[in-house]
Amino acid sequence: MAKLGKRTTAARAAFDGKTNLTVEEAVALVKANATAKFDETIEIAMNLGVDPRHADQMVRGVVALPNGTGKNMRVAVFARDAKADEAKAAGADIVGAEDLMEIVQSGKIDFDRCIATPDMMPIVGRLGKVLGPRNLMPNPKVGTVTMDVKAAVEAAKGGEVQFKVEKEGVLHAGIGKASFNEAKLVENVRAFIDAVNKVRPSGLKGSYMKKIVLTSTMGPGVTVDIASGTGN
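Numbered per the numbering used here, the sequence shown spans residues 21 to 252.
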């Protein structure tokens, strides 16, 4: 068995026996132990009581974190003519139509968010098998199929986070950086949990949020008291 490093050993000791903390306590613990040589991402993972195989239990949405994510989001936009110019002016990193489709088909996906105007969807639709598994497929439900490309690009660049439940009802996202102060991370965590709470499937019976865990890129995770996270 490989010997654990001093940093990992210390982190595990700090987390030992700690569970179901308040949001504030969990943020403080995770942040204090995010001691890697780079600015670690603070991540949230949620286990939801839904079965995403059923369309009426699919949980997805978008939230504008009050303090951003700390990540430099690269944005691709499928648009032509004036809308392409609008996207470039708003700060989009990659803009195109058929040429962008060919780039994506070649396997080069150098972006974190994909936006498209409605008239581009016949082109974008061909990329479903490539973009879908990466959760990059533009979707009107989360504002990435729109004629207002300026607002969509600015939102993506400003710290907007998309979320979508995966198999087994698990949902996860980055909600900030270890360099953020605790108050900003707490605000972001609460905003994310609130956004997930608001898209609870109307017909769902039983528990919706089963477990919430906070962690950093290289650190252990700690469970968050659900009542603390939802304000109940």
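Glycine residues also receive a C-beta, built at the ideal position from the N, C-alpha and C atoms.
Computed from a predicted model, the values in this text were never measured in an experiment.
State the beta-bridge partners of Val97 as determined by DSSP. Val115, Ile135
Since Arg80 sits in a beta bridge, which residues does DSSP pair it with? Lys184
Identify which residue in Ser126, Asp168, Gly69 has its Cα closest to the Cα of Leu151. Ser126
Would you kindly report the start and end of the unbroken beta strand (DSSP E) that includes Glu63? 61-68
Distance between Tyr228 and Val173 (C-alpha atoms, nearest Å): 32 Å
Would the segment 57-73 count as touching the segment 97-106 if we require 3 or more Cβ pairs under 8 Å? no
When we look at the beta-carbon of Thr164 and count the other beta-carbons within 10 Å, is it buried (16 or more) or exposed? buried
Neighbour flag for Leu205 against chain B, beta carbons, 8 Å: Among the protein chains of the structure shown there is no chain B, as only one such chain exists.
So which of Lys91, Gln77, Pro221, Ala56 has the shortest CA-CA distance to Ala193? Lys91
Short check: CB of Thr39 to CB of Thr166, under 8 Å? no
DSSP bridge partner residues for Cys192 (one or two, in chain order): For the sequence presented, residue 192 should be read as His rather than Cys. BP columns for His192 point to Ala65.
Contact check, Ala249 vs Ile213 under 8 Å by CB: the rounded distance? Here residue 249 is Gly; the residue named in the question, Ala, does not match the sequence. Right, the Cβ-Cβ distance comes to about 5 Å (below 8 Å), so this counts as a contact.
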